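Residue 45 in numbering that gives the first Met the number 0 is what sits at position 46 of the sequence shown, and the numbering runs on without skipping anything. Cβ coordinates follow ideal geometry from the N, Cα and C atoms, glycine included. Just so it is clear, the structure is predicted and the values come from calculations on it, not from any experiment. Reviewing the structure listed below.
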Amino acid sequence: MAHPLSDKSIDLIENSWKLVQQFGLQEAGVVMFKRLFEISPNLQDLFPFAGEELSDEHEGMKRHSLTVMTSLNDCIKIIRDVPKLKEELISLGAIHHINKVNSENFAPVGSALIWTLESGLQDKFTPEVKQAWLSLYGIVQSLMELGMAQGLTA
């Protein structure tokens, strides 16, 4: 099975992700979720900490931020293994279906992720790196949506 990402795109994703890891997965996740709730405040209702005042130190948001960024980290670890990556993302989609996530929620999450990467990586977030991440997020979204759809029929 051909990989939907080029080797160069995968290298760009892996190398830029190493910089995110140096910053800290939880810290990057908190930045991403703060941005997400800034651009789509209604999405906070999907989380266990719905309605709570959020800060960088909010334990629930920190925990969930780490969980999400660890999941992304796990996907990047297997990014070159298409069957494993596909299985992981479909399974993740099924879990998100159970948690009442829908397809419309992906756009603001993707926006928040790209904004976080761009803010954190600054000049290292070149147009090429951005395009690689956008391509990866498109794959993540389509496979998670497939898992969500399978969750509907289960």
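Per DSSP, reduced to three states, the secondary structure at N101 is coil, with no helix or strand assignment. In the displayed model, E51 falls within coil according to three-state DSSP, outside both helix and strand. By the neighbour-count definition (other C-beta atoms within 10 Å, threshold 16), A106 is an exposed residue.
The alpha-carbon separation between E127 and N72 amounts to approximately 20 Å. Here the alpha carbon of A148 sits roughly 12 Å from the alpha carbon of L88. Two segments are said to touch when three or more pairs of C-beta atoms, one from each, lie closer than 8 Å; by this definition the region 27-37 touches the region 59-70. Taking the Cα positions, R34 is about 15 Å away from M68. Per DSSP, the unbroken alpha helix (DSSP H) holding F36 starts and ends at 24-38.
Annotated three-state conformation of D80 is coil, per DSSP. Setting aside the 5 residues that flank it on each side, F36 is surrounded in the same chain by L42, Q43, L53, each with a C-beta closer than 8 Å to its C-beta; the list follows chain order. With a cutoff of 8 Å on beta-carbon distance, M60 and H95 are scored as not near each other. If only complete runs of 3 or more residues are kept, the region 84-151 shows no beta strand (DSSP E) anywhere.
The beta carbon of I75 sits closer than 8 Å to the beta carbons of I12, E13, W16 from its chain, once the five residues preceding and following it are set aside; these are given in chain order.
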